[in-house]
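FYI, in the numbering used here the residues of the sequence shown are 197 to 457.
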Amino acid sequence: MENELKVPIVMLEDYLKYNQQLYYVWEPSKVPHMAVIGGTGSGKSYFCKMLVGKLCLYAPQAELMICDFKGDDSLSWLTSHPIWFYRYTDCIEIGLETFYSRFLDRQSGNDKSRHPLILYFDELAAAVNFYDKKEAELLRKKIANLLMLGRSFNVFLILVMQRPDAAYLPARENVGLVIALNNQTVESKEMFFHSFKDEMLPDRKRGTGYMLESGAKLHKVVVPTVSNMDKLHQTILDTMLLQAARRSETKLGGLGDTMAQ
Ligand SMILES: Nc1ncnc2c1ncn2[C@@H]1O[C@H](COP(=O)(O)OP(=O)(O)OP(=O)(O)O)[C@@H](O)[C@H]1O
Ligand SMILES: [Mg+2]
């Protein structure tokens, strides 16, 4: 079905030693939402850029929003285009607002479309921390609602943070896939990998890690290397421009398609 998403995302390390590149294929309708965790420099944003590229290739019919709270150079080539790309406080004030209203449109029945709506939010913890208590609580509520109710409407989140904490990641039991890059702290293992923490060896490095699927299956994973970064950037930009053009043709208009500075 056109709305069903199946995306190969990471290589399974156990097969690499037999020279087999077997990918784990993510099916958000079965394993909804993803959290990507790991200390600074562990390769979270690199992995997510590769993932966004795959989503563009495998699901061009989807609508993808990128919120990059830190706003470093890794995605700066997306600025100055009228697409769903936001940095700093625009992530919350325009990005999340727009995305949440699209979810509410589906929930209220105003929008009957069901192509995947995907929000990739990098540095969520830093964003929650930035706001004062009342605003942060509202932000957490929206994230929690999207995590709890999104799947039925084909609405999915990819949330990235250095350190998982209930304060930053509400409703974490609704996150189907957790990818932990590099070695994890005791607290991170405790929070997401409790039953598996003794199996997790401290031999991970940048671009490798553990993946927990539906709280039940632990996999050792390796992030594939991007062979042509310029091509990846072009694919992402072209696809997001197409998605924005489609939005401007529908009654939803170009909702939220601003140019990040
Ligand atoms: N799998 C990989 N293969 C090759 N280079 C990588 C890989 N993962 C990360 N890198 C490189 O390592 C550096 C750090 O990666 P990245 O910015 O993705 O880390 P991060 O976890 O997002 O860190 P931060 O939390 O500080 O944002 C970057 O220069 C990136 O290009
Ligand atoms: Mg990063």
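Glycine residues also receive a C-beta, built at the ideal position from the N, C-alpha and C atoms.
Computed from a predicted structure; not experimentally measured.
| query | result |
| --- | --- |
| Among K385, V374, L345, the one whose alpha carbon lies nearest that of V356 | V374 |
| Beta-carbon spacing of P312, A367 below 7 Å | no |
| Straight-line gap, T275 to P398 (C-alpha atoms, nearest Å) | 38 Å |
| Whole-angstrom C-beta distance between N325 and S238, which should lie under 8 Å | So it is not a contact: roughly 19 Å between Cβ atoms. |
| Among T404, G372, F392, A363, the one whose alpha carbon lies nearest that of G234 | T404 |
| R310 beta carbon near ligand 1 (any heavy atom closer than 6 Å) | no |
| Of the residues E198, Q216, Q257, the one placed nearest I432, counting alpha carbons only | Q257 |
| Top-ranked residue by Cα proximity to C252, from L438, T421, A376, F265 | L438 |
| Cβ neighbours of S225 in the same chain (closer than 8 Å, five flanking residues each side left out) | E200, L201, R347, N350 |
| Alpha carbon of G305 to alpha carbon of L292, nearest angstrom | 20 Å |
| Any non-hydrogen atom of ligand 2 closer than 6 Å to K196 Cβ | No answer is possible for residue 196: it lies beyond the span of the chain, which begins at 197 and ends at 457. |
| Minimum C-alpha distance to A247 - residue among E209, S297, S309, P420 | The sequence shown places Leu at residue 247, not Ala. Comparing Cα positions, the closest option is P420. |
| DSSP beta-bridge partners of I314 | L260, F352 |
| Nearest candidate by alpha-carbon position, reference D361, set L343, R400, L320, K393 | L320 |
| Burial state of Q216, where buried means 16 or more other Cβ atoms lie within 10 Å | exposed |
| Local conformation of V419 per DSSP, three classes | coil |
| Paired residues, beta bridge with F281 - DSSP | I262 |
| Contact check, M207 vs V418, beta carbons under 7 Å | yes |
| Contact under 7 Å by Cβ, H229 with F389 | no |
| Beta-bridge pairing of T404 - partner residues as DSSP gives them | V418 |
| Under 7 Å between C-beta atoms of F299 and M261 | no |
| Integer-rounded CB distance, given that V203 should sit under 8 Å from K250 | 5 Å |
| Straight-line Cα distance separating D268 from Y214 | 37 Å |
| Euclidean distance between Cα positions of R310 and E198 | 9 Å |
| CB of Q358 within 7 Å of CB of T236, strictly | yes |
| Minimum C-alpha distance to C244 - residue among Y282, F317, W280, I279 | F317 |
| 3 or more residues per run - each beta strand (DSSP E) lying fully within the segment 357-382 | 373-377 |
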